[in-house]
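**Student:** Just so we're aligned, residue 5 is where the sequence shown starts under this note's numbering, counting upward by one. Positions of the beta carbon are idealized from the N, C-alpha and C atoms, including for glycine. Right, I'll just put the structure down here and ask away after.
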Amino acid sequence: MIIFPVGEDGIMNTKMRRNLMSFVTALMLMALVAVFGMPLQAKAETKVHTAHTGSDTDGSKHEGWTPIGTAEDLYNLAKTGGKGYLTKNIAIEMMHISGNKEVNLCLNGYSLEGGLDCKINTIELREGAELNLYDESKNTGEITNNNEDCILIHLVEDSEVTMNGGTVGNSNGWGVEIYDGSFTLNDGNVSGNSGLSSCGVRIISGNFTMNGGNISNNTTFGGVYVDGGTFTMNGGAITDNTAAFDGGGVYVDGGTFTMNGGAITDNDATDNGGGVCVRGGTFTINAGSIGNNAANNGGGVCVSGGTFTINAGSIENNTAEYCGGGVYVSGDGICKIYSGSIGNNTAYQGGGVCVDDGTFTISGGEVAENKSNYGGGVNVLTGNIIMNEGASKIILRRGMLAEYMLMMELL
Ligand SMILES: [Zn+2]
């Protein structure tokens, strides 16, 4: 029983009320620790596997782990859950993990290749299943498949994949598709998924968190395709991907993409958004860089729908053949800059930013040292440019403001 203190007159004074508040807060904190503390610790333990140099040939690096030398061994591991490591290259039809099973698999420098009959998925997770993937330090082990349109890792029914090493790629289809669940990339590569219909990671719903590793050399639909759900990028690199249409590095058609770190570099789109293309949903950059990307319009970023917010970070050294070296705003697109920089980008017109319909709002940050034939900083073809108070800090060089003011005077 808890007895609340009262004054002599039976009423709590201010000091008593403050003491009571502290007491209640402490109680709530203790309750939170009791509820959430233990399960979190227990879960973290299962994901520890130190990357090793070279492959383990005598089992000395995997004490307590099951050697996996055949497809049958692998299917058994999937059925029971547990820890296993490959001892040779294995050809499989499909690995199916379900029923809340947790599988820890070290590729150990070897490959796991989906068979000819695998028309859909090489590894499929259902019913809350969990896969933790590891490899030796160079990430030479891989999960691959040569068939067109095959998905290498497919997550449905709230399943979970954490990748700590290895390569998911060199396929003619899709690397990872999150239909429902969560995928975390801490280390390793999702690379070389290159076919008529292919992409590195696709999120339909659920979550993708990228803390490290590389998403590279994926083609047709580029590095990451966000249909819905959330994509949070905290680190790592999305690099050298190409899109046949829009969004070489990342394409956002819905959902939420938040960039808190890492780099989106050297990606290429045939049409719009070499680094990132936003057609719907939201893209917010809080840190990190988008650089050296190229496209027809929007070398760094294209915003033709949805909202792109720049809170910090840099969009630099991108190139557009035609409009918007750094950022291209068109259609219903909304682009807002509060801080950060758009610099050293190049285009035929609007070196930094090209507004071709849509709205570009400047409340701070820097648009500087961009180059183009028309409107080095910002070129407005149609649409709106709104400059708020904080915009006085922006350094505008090579014509943008001058050209914009000239246009205003002529009107
Ligand atoms: Zn290992």
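Have a look at N383, N245 and E134 and flag the residue whose alpha-carbon is nearest the alpha-carbon of E161.
**Tutor:** Considering only alpha carbons, the answer is E134.
**Student:** Counting only the same chain and skipping the five closest in sequence on each side, list residues whose C-beta sits under 8 Å from that of T70.
**Tutor:** The answer, listed in chain order, is D77, L81, G86, K87, G88 and Y89.
**Student:** Measure the Cβ-Cβ separation of L270 and T236 and say whether it is below 7 Å.
**Tutor:** According to the sequence displayed, residue 270 carries Asp and not Leu. Not in contact: D270 and T236 (Cβ atoms no closer than 7 Å).
**Student:** Would you list, in sequence order, the uninterrupted beta strand (DSSP E) runs of no fewer than 3 residues that lie entirely inside the region 109 to 166?
**Tutor:** Here the runs fully enclosed are 115 to 118, 125 to 129, 134 to 138, 146 to 148 and 155 to 159.
**Student:** Excluding the 5 residues flanking A75 on each side, which residues of the same chain have their C-beta closer than 8 Å to its C-beta?
**Tutor:** Once the five neighbours on either side are set aside, the close Cβ partners of A75 are I94, A95, I96 and E97.
**Student:** Our contact map puts N197 next to S163 with C-beta atoms below 8 Å; I'd like the distance itself, whole angstroms only.
**Tutor:** Actually they are not in contact, since the Cβ atoms of N197 and S163 sit about 20 Å apart, beyond 8 Å.
**Student:** Check whether the Cβ atoms of T323 and G303 sit closer than 7 Å, and answer yes or no.
**Tutor:** Contact: yes.
**Student:** Could you have a look at K83 and say whether DSSP puts it in helix, strand or coil?
**Tutor:** Of the three classes helix, strand and coil, the one that applies to K83 here is helix, per DSSP.
**Student:** Quick one: measure Cβ to Cβ for G362 and N374, integer angstroms, because I've assumed they're closer than 8 Å.
**Tutor:** That pair is no contact at about 19 Å.
**Student:** Could you please give the first and the last residue of the uninterrupted beta strand (DSSP E) stretch that includes W178?
**Tutor:** Start and end: W178 to I182.
**Student:** Report yes if the C-beta distance between G292 and G252 is below 7 Å; otherwise report no.
**Tutor:** No, the pair does not count as a contact, with Cβ atoms beyond the cut-off.
**Student:** Who pairs with D360 in a beta bridge, going by DSSP?
**Tutor:** Partner(s): S334 and T386.
**Student:** According to DSSP, what are the bridge partners of I207?
**Tutor:** DSSP output for I207 lists I182 and V230 as bridge partner(s).
**Student:** Which residues share a DSSP beta bridge with D60?
**Tutor:** Partner(s): none; D60 has no beta bridge.
**Student:** Can you tell me the Cα-Cα spacing of T365 and V359, whole angstroms?
**Tutor:** Computed Cα separation, rounded: 11 Å.
**Student:** When DSSP labels each residue in this structure, what does E76 get in the three-state scheme?
**Tutor:** Three-state result, E76: helix.
**Student:** Let me check understanding here. Comparing Cα to Cα, which of T246, S308, N296 and A298 lies closest to D257?
**Tutor:** For the residues T246, S308, N296 and A298, the minimum Cα distance to D257 belongs to S308.
**Student:** When you compare the CB positions of L111 and G170, do they come within less than 7 Å of one another, or not?
**Tutor:** Closer than 7 Å, so yes.
**Student:** Whole angstroms are fine: how far does the CA of V172 sit from the CA of I219?
**Tutor:** The alpha-carbon atoms of I219 and V172 are separated by roughly 10 Å.
**Student:** How would you write the range of the beta strand (DSSP E) that A324 sits in, first residue to last?
**Tutor:** T323 to C327 is the span of the beta strand (DSSP E), which, as asked, contains A324.
**Student:** Using C-beta distances below 6 Å, list every residue in its chain close to M167, excluding the 5 sequence neighbours before and after it, in chain order.
**Tutor:** Cβ within range, chain order: L137, L189 and G192.
**Student:** Report the option in T311, I147 and M263 whose CA atom is closest to the CA atom of N290.
**Tutor:** The option with the nearest alpha carbon to N290 is M263.
**Student:** Using the beta-carbon count (16 or more within 10 Å), is E181 buried or exposed?
**Tutor:** Classification of E181: buried, given that the 10 Å Cβ count is 16 or more.
**Student:** I'd like to know whether the C-beta atoms of G177 and S202 end up nearer to each other than 7 Å.
**Tutor:** Their beta carbons are under 7 Å apart, which means G177 touches S202 by this criterion.
**Student:** Using only the heavy atoms of ligand 1, determine whether one of them is closer than 6 Å to the beta carbon of Y89.
**Tutor:** It does: the Cβ of Y89 is within 6 Å (strictly closer) of some heavy atom of ligand 1.
**Student:** Which one of T61, V165, N143 and H56 has the shortest CA to CA distance from I101?
**Tutor:** Cα-wise, what sits closest to I101 is V165.
**Student:** So F187 packs on F212, CB below 8 Å; how close in whole Å?
**Tutor:** Confirmed, Cβ separation roughly 5 Å.
**Student:** Taking the alpha-carbon of G347 as reference, which of S318, G335 and K340 has the nearest alpha-carbon?
**Tutor:** Measuring from the Cα of G347, the nearest candidate turns out to be S318.
**Student:** Can you tell me which residues form a DSSP beta bridge with T70?
**Tutor:** BP columns for T70 point to G88.
**Student:** Would the beta-carbon of A241 fall within 7 Å of that of D272?
**Tutor:** Not a contact, by the Cβ cut-off of 7 Å.
**Student:** If distances are taken between C-alpha atoms only, which option among T246, K83 and G265 comes closest to G103?
**Tutor:** Considering only alpha carbons, the answer is K83.
**Student:** Tell me the residue span of the beta strand (DSSP E) that contains V52.
**Tutor:** From DSSP, V52 is part of no beta strand (DSSP E); its letter is neither H nor E.
**Student:** For a test of the three-state rule: what should DSSP assign to S220, helix, strand or coil?
**Tutor:** DSSP places S220 in strand when its eight states are reduced to three.
**Student:** Within 10 Å of its beta-carbon, does L109 have 16 or more other beta-carbons around it, so buried, or fewer, so exposed?
**Tutor:** Per the 10 Å Cβ criterion, buried.
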